[in-house]
Each structure stands twice: as C-alpha cells, then as structure tokens.
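With our numbering applied, the sequence shown corresponds to residues 2 to 183, in that order. To start, the structure under review is shown below, and the notes come after it.
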Amino acid sequence: MVGEACRLAERLLAPVGDRWGHTRGVAARAAAAVAAVADADRPVLVAAAYLHDVGYAPDLSWSTFHPVDGARFLAQRGWPELVVGLVAQHSGARFVAAARGLSDLLEPFADDRFTTGPLADALTFADQTTAPDGSPVDAGTRLADMLRRHGPDSPNARCHHVRGPALLAAVAATERRISAAA
C-alpha cells in the first residue's frame, strides 16, 4: 500500500511546484511517527501521508477543495476507506470547509476516525511539522507561514481561531504518544 501510494503521489504531484517535495517530507515525518499509532495502522498512516495532497493535481480538481478532490479520486479508485477519510479530513479540513461554505462536501467523511485519535493526529503531526519545501519545521512556524501565504482574509485565517489550537493539540498528542512508546 505504501509503495503504491508513493508512486501515485509522485505521478500526480511531481509536476505541481513544491507539492511533491512537501509530500515526501510529510511521508518521512509520518514514518518517523509510526510509534504513535497501532501496528496495523502504520502503513495506513504513511500511505495517507503520501496521498494527503493529491487533490492539488490539476486533473483532479472537482470542488476546488483539495482534501475532498483527493479523497473523491482515491475512493473512485478503490483505496481503503480509512485512507480516503484521512485524506478528506487531514489537518483540520473541516474548519476550512466551514469557512468556505463547503462543509457538505465532507459529510461522506464524517466518521470520527478521520478527525480524532492517534491516526488522525499523527497525520496532522506529519503535515503540520513539514514546511512547504519538505523540510521539518515546528508546528507554530508552519501555521504562521500558512497564515502569511494565504493572507489575513483567507478561509484559513478566518478559521484559525479554532483550527490552529486543534492542529497544535494533535501535534502535541502525537509527540506524547511517540515519547510514551520510546
């Protein structure tokens, strides 16, 4: 599953600016965080990390909301429900969807497994501790950079008062789980 996810993500994202570099970094961070999740979920975590941003591929744009576009594409190709749901809900997508008036697009992915718990937290950790160029970064710096890149009037900024604390809590929870497993 992980190898297939890597190959698919590379094919779709290599032509999209720094997106493939970021994705490789997220997958590396996820692989380093596997101790935070159950053994059976480890390949799911790394596969979802590779696939989390495939919705940015221009050919996949359906809704203009990359988490849903990626999840829809993966579901149509038979990827496991858990991977699909994690892609749809990664990094607090529900907050951005609400700010954009797109919450209804996430209804098919409303299962709590996709938004909370060790697996969802670990994917958030991997994404939010990886800079756009793929290098490791602390989550606070990543969030500040996101706000700067998207601008003060963006949906990301409008929901930051709820999304930011949720992302930081997921990162902290994953760091605690990794430490406890050591």
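Virtual Cβ for every residue (Gly too), placed ideally from N, Cα, C.
What residue range does the alpha helix (DSSP H) around residue i cover?
i: THR24; result: 20-33
i: GLU5; result: 3-14
i: PHE96; result: 94-101
Going by the DSSP bridge assignment, what does residue i pair with across the sheet?
i: PRO137; result: THR131
By the three-class DSSP mapping on this structure, what secondary structure does residue i have?
i: PRO153; result: coil
i: VAL172; result: helix
i: VAL163; result: helix
i: THR125; result: helix
Can you find a heavy atom of the ligand ZN that lies under 7 Å from the Cβ of residue i?
i: ALA50; result: As far as ligands go, the structure on display features none, and thus does not contain the ligand ZN.
Would you mind listing the alpha helix (DSSP H) stretches within the stretch 36-90 that are 4+ residues and don't spill past its ends, in chain order? 43-52, 67-77 and 82-90
Does the stretch 38-56 come close enough to the stretch 115-127 to have 3 or more Cβ pairs within less than 8 Å? yes
Are at least three pairs of beta-carbons, each pair with one atom in the stretch 12-21 and one in the stretch 161-169, less than 8 Å apart? no
Inspect the CB distances between the stretch 140-150 and the stretch 47-57 and report whether three or more fall short of 8 Å. no
Using 8 Å as the cut-off, can you tell me whether the stretch 68-86 makes contact with the stretch 150-160, which would need three or more C-beta pairs spanning the two stretches below that distance? no
Does the stretch 131-139 come close enough to the stretch 102-118 that 3 or more CB-CB pairs lie under 8 Å? no
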